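Novice: Residue numbers (the working numbering): 274 to 482.
In this text, a Cβ means the ideal position worked out from N, Cα and C, and glycines have one as well.
No experiment lies behind these values; they were computed from the predicted model shown.
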Ligand SMILES: [Zn+2]
Ligand SMILES: [Zn+2]
Ligand SMILES: [Zn+2]
Ligand SMILES: [Zn+2]
């Protein structure tokens, strides 16, 4: 099962569309232009993506002293939350406390920080520090700057826009279908389908977006 090629996304602040590579330069300028009135403070810009699926990406900005728990909450909200599973940030084998200041966690990591949501049907992400600046983002500790646009999944039977995922088949090839072919797929009677959503957790556990 594979989505049509796209590497673009949208700026969450102004709606501008750009490729993953060009988006960094865009959000650098755009974030500063969208700052609120207030005392500038140190901020870190982070990029997250799933292991092995580079077409999903998020660029977020966090206050340097924001706790990793705030980053965790944003990742859950945007991509992950299905039934309140456990999650963890790790550097190598060492788990980081959710109270660790984000800037300190990412400064200490030599390369990427690993993140896992749900230790059973795990969604594994990596996060990296891609920028720093001083600015004022208001009361929230973290905010979304940009994310990939929804991937276009063709139905495994006819190529039309897929709307449903069969979680029984997701690890074995054709698992996304249009409404008509979902209705005739062998697992239709099981009533297990999940919606096609813009998340690397699509089709996993009870994730519905
Ligand atoms: Zn923008
Ligand atoms: Zn779940
Ligand atoms: Zn179809
Ligand atoms: Zn199936």
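#1: Just to confirm the assignment, what range does the alpha helix (DSSP H) spanning residue 381 have?
#2: Please state whether DSSP places residue 303 in a helix, a strand or coil.
#3: Give the C-beta separation of residue 378 and residue 324 to the nearest angstrom, bearing in mind that I take them to be a contact with Cβ-Cβ under 8 Å.
#4: Would you tell me roughly how many angstroms separate the C-alpha atoms of residue 338 and residue 460, rounded to the nearest one?
#5: Confirm, please, whether the CB-CB distance from residue 428 to residue 450 is below 8 Å.
#6: Are there any heavy atoms of ligand 2 lying less than 7 Å away from the beta-carbon of residue 391, as far as the coordinates show?
#7: Is residue 483 near ligand 4, going by C-beta to nearest heavy atom under 7 Å?
#8: Mind listing, in chain order, the continuous alpha helix (DSSP H) runs of no fewer than 4 residues lying wholly within the region 412-473?
#9: Give a single yes or no on whether residue 430 has its beta carbon closer than 7 Å to a heavy atom of ligand 4.
#10: Please output, in chain order, the residues near ligand 1 using a CB cut-off of less than 6 Å to any non-hydrogen atom of the ligand.
#11: Identify which residue in 445, 439, 453, 444 has its Cα closest to the Cα of residue 432.
#12: Could you pull the start and end residues of the beta strand (DSSP E) that residue 318 belongs to?
#13: Can you give the Cα-Cα distance for residue 335 and residue 283, rounded to whole angstroms?
#14: Anything with a beta carbon under 7 Å from a heavy atom of ligand 4 counts; list them all in chain order.
Specialist: The answer reads as follows:
#1: By 1-based counting over the chain shown, the position of residue 381 is 108. Looking at the DSSP string, the run of the alpha helix (DSSP H) that includes residue 381 is 375-381.
#2: By 1-based counting over the chain shown, the position of residue 303 is 30. Helix at residue 303.
#3: Counted from its first residue, the chain shown places residue 378 at position 105. Counted from its first residue, the chain shown places residue 324 at position 51. Not really, about 19 Å apart at Cβ, beyond 8 Å.
#4: In the chain shown, the residue the question calls residue 338 occupies position 65. In the chain shown, the residue the question calls residue 460 occupies position 187. Roughly 48 Å between the two C-alpha positions.
#5: As a working mapping, residue 450 is identified with position 177 in the chain shown. As a working mapping, residue 428 is identified with position 155 in the chain shown. Contact flag set, yes.
#6: Here residue 391 corresponds to residue number 118 of the chain shown, with the count starting at 1. Correct: residue 391 has its Cβ closer than 7 Å to ligand 2.
#7: Because residue 483 is not part of the residues shown, which for the chain are 274 to 482, the question remains open.
#8: Listed in chain order, they are 452-457.
#9: Here residue 430 corresponds to residue number 157 of the chain shown, with the count starting at 1. No, the beta carbon of residue 430 sits no closer than 7 Å to any heavy atom of ligand 4.
#10: Here the residues come out as 284, 286, 287, 289, 299, 303.
#11: One-based indexing of the chain shown puts residue 432 at position 159. Considering only alpha carbons, the answer is 453.
#12: Counting from 1 along the chain shown, the entry for residue 318 is found at position 45. Residue 318 -> beta strand (DSSP E) spans 314-323.
#13: Residue mapping note: residue 335 aligns to position 62 of the chain shown, counting from 1. Residue mapping note: residue 283 aligns to position 10 of the chain shown, counting from 1. The straight-line gap from Cα to Cα measures roughly 19 Å.
#14: Any heavy atom of ligand 4 within less than 7 Å of a residue's beta carbon puts that residue on the list, which reads 439, 441, 442, 448, 458, 459, 460.
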